[in-house]
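S.K.:
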Amino acid sequence: MKQTKRGEYFIRHSQHFLPYLTFRKIVNLILNVIELKFKVSSPRSLPVYIKIEPTPLCQLKCPGCKQSSMYYKKQFRSSMQISLDDFKRIVEPLSHTLLGISLSNHGEPLLHKNIASLIEYAHSKHIAVSFPTNLSMKLDETSIEKLVKSGLDTLFVSLDGASEETYQEYRVGGNFSRVLQNVKALSEAKRRFGLKRPKIIWKFVVFNHNKHEVEVVRQKYRELGFDNYELAPDSRTDPKAKKAKKAYQASLLKKRKGCFWLWHTMIIQWDGRVYPCCRRGNQLFNIGNVIQENSKEVWYSEKYRVLRQGFSELDKMHPVCKKCMGYESVISTETKTIAIQELQKE
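So in full-length UniProt numbering, the last spot in the sequence shown is 346, and the numbers never skip.
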């Protein structure tokens with residue numbers, strides 16, 4: 001993949017952070033990039049981005065998501081939601097250097113009863129906030145208004161179909177019409193209050209069963225109330241994405257690049273537990289708890305240092321990382337961008 005194409009991807013997504021840049025954040029970002037490049041095991045920089053799971057709950061049963069299995073659903077309780085106080089405790093120590101927060105991991109963020117309060121706090125700390133949602137739930141006018149006025153920057157709506165029949169193939173238990181109604185209501189609320197944000201993005205995962213509707217997405221996204229759209233080829237089944245992923249994985253291993261997650265992003269569950277990345281298998285390795293401990297102390301902890309050290313001294317690489325399919329976040333960025341380019345040629 002050409003460097004210019006990779007740059008285009010990051011430039012497009014960095015637009016969410018631009019309004020929140022400060023000198024201190026820029027310095028931390030530059031240091032972060034340098035320390036990742038040289039695989040510094042005890043970095044001075046702090047995470048540039050964090051993913052915080054508001055709740056593990058989800059009402060859908062998407063076949064590709066382990067969260068939808070009965071094994072996991074039986075473990076969940078409605079009380080499994082991060083509190084505003086705990087959220088503040090996590091974010092405050094990192095607020096001066098954070099560019100963005102994604103309120104996501106494995107659950108549906110809008111099932112958190114006080115999601116708007118979490119967004120409002122992060123926004124008050126001058127941090128860009130985004131999250132993905134299936135948007136397939138009843139939202140009254142008050143909920144719509146709170147969400148639009150909260151300071152949310154970007155809302156990624158997971159809508160993998162341009163028709164009810166196609167949508168139901170993957171988003172099992174979802175309501176296609178309700179999703180579109182909610183998008184329209186959010187768009188109208190933005191217009192009513194004179195707001196440009198949140199940007200509402202149609203996130204369309206391209207499968208064999210829905211690829212014939214890609215052109216409908218391109219033609220009708222604005223008409224339906226979206227500000228933009230993103231095509232995300234399913235890297236597990238799409239032949240082009242699989243081929244690109246395999247090739248890029250080989251190049252990563254050859255060049256022994258550092259893991260994007262361990263230097264750049266902190267992954268936090270609703271109860272404060274921190275994991276190396278968002279891959280479910282790696283949740284067997286608990287780095288610490290940012291509700292019980294200070295976020296900075298966890299980031300600079302011995303467990304994190306040992307994980308990072310494994311990328312410069314391969315004989316010391318942790319088993320969790322050795323079993324990784326190939327630094328998934330970086331690979332997804334690269335291969336999905338390649339596959340999107342191929343889709344656009346068709």
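C-beta: ideal position from N, C-alpha, C; glycine also.
1) State buried or exposed for histidine 212, treating a residue as buried only when at least 16 other CB atoms are found within 10 Å of its CB.
2) Does DSSP classify asparagine 294 as helix, strand or coil?
3) Going along the chain, which residues of its own chain have a beta-carbon closer than 8 Å to the beta-carbon of glycine 174, five neighbours each way excluded?
4) Could you tell me the distance, in whole angstroms, from the CA atom of tyrosine 20 to the CA atom of phenylalanine 38?
5) How would you call phenylalanine 193, buried or exposed, if buried means at least 16 neighbouring beta carbons within 10 angstroms?
6) For glycine 258, count neighbouring Cβ atoms within 10 angstroms of its own Cβ and tell me buried if that reaches 16, exposed if not.
7) For the candidate residues Ile268, Cys65, Leu224 and Leu307, whose alpha-carbon lies nearest to that of isoleucine 291?
8) Would you identify the three-state DSSP class for lysine 25, choosing helix, strand or coil?
9) With DSSP run on the structure shown, which of helix, strand or coil describes isoleucine 77?
10) Compute the distance between the beta-carbons of asparagine 286 and arginine 273, then report whether it is under 8 Å.
11) Round the Cβ separation of residue 363 and serine 130 to the nearest angstrom and send it over; I've been treating them as touching at under 8 Å.
12) Starting from leucine 180, trace the alpha helix (DSSP H) both ways and give me its first and last residue.
13) With burial defined as no fewer than 16 other Cβ atoms inside 10 Å of the residue's Cβ, what is the status of glutamate 313: buried or exposed?
14) Just the Cα atoms here: how many angstroms apart are proline 93 and asparagine 114?
15) Look at the alpha carbon of isoleucine 30 and the alpha carbon of aspartate 85, and state the distance between them as a whole number of angstroms.
16) Since isoleucine 52 sits in a beta bridge, which residues does DSSP pair it with?
17) Throw me the rounded Cβ distance for the tyrosine 229 and phenylalanine 204 pair, which I believe falls under 8 Å.
18) Taking proline 43 as the reference, give the member of Ser143, His16, Asn32 and Ile50 with the closest Cα.
19) Please identify the residue among Leu180, Glu145, Gly161 and Ser158 whose C-alpha is closest to the C-alpha of residue 382.
20) Rounded to whole angstroms, what's the CA-CA distance from leucine 112 to glutamate 188? Just pull it up for me.
21) What did DSSP end up calling asparagine 32 once you bin it into helix, strand or coil?
22) Comparing the C-beta of aspartate 140 with each C-beta of chain D, is any distance below 8 Å?
23) Going straight from the alpha carbon of phenylalanine 23 to that of aspartate 160, what length do you get?
24) Quick check on DSSP: helix, strand or coil for lysine 203?
25) In this structure, how does DSSP classify glutamate 108 when only helix, strand and coil are distinguished?
26) What is the DSSP secondary structure of glutamate 223, reduced to helix, strand or coil?
M.R.: For this structure:
1) exposed
2) coil
3) If you ignore the 5 residues before and after glycine 174, its C-beta comes within less than 8 Å of the C-beta of Leu60, Asn134, Ser136, Tyr167 and Gln168, all in its own chain and listed in chain order.
4) 27 Å
5) exposed
6) buried
7) Ile268
8) helix
9) Per the sequence presented here, residue 77 reads as arginine, with isoleucine not at that position. Three-state result, arginine 77: coil.
10) Contact: yes.
11) The requested residue 363 does not occur in the structure, where the chain is confined to residues 1 to 346.
12) Leucine 180: member of the alpha helix (DSSP H) spanning 176-192, first to last residue.
13) exposed
14) Rounded to the nearest angstrom, the gap between the Cα atoms of proline 93 and asparagine 114 is 22 Å.
15) 31 Å
16) Ile268
17) 6 Å
18) Relative to the Cα of proline 43, the nearest Cα in the group Ser143, His16, Asn32 and Ile50 belongs to Asn32.
19) This structure leaves residue 382 out entirely; the chain is present only between 1 and 346.
20) The residue you asked about is not leucine; residue 112 is histidine in the sequence shown. So the alpha carbons of these two residues sit roughly 23 Å apart.
21) DSSP places asparagine 32 within a helical segment (H, G or I) once states are collapsed to three.
22) Absent here is chain D; the protein component of the structure consists of one chain.
23) Straight-line Cα distance between these residues: approximately 39 Å.
24) Note: lysine 203 maps to strand in three-state DSSP.
25) coil
26) Residue state, collapsed to three classes: coil.
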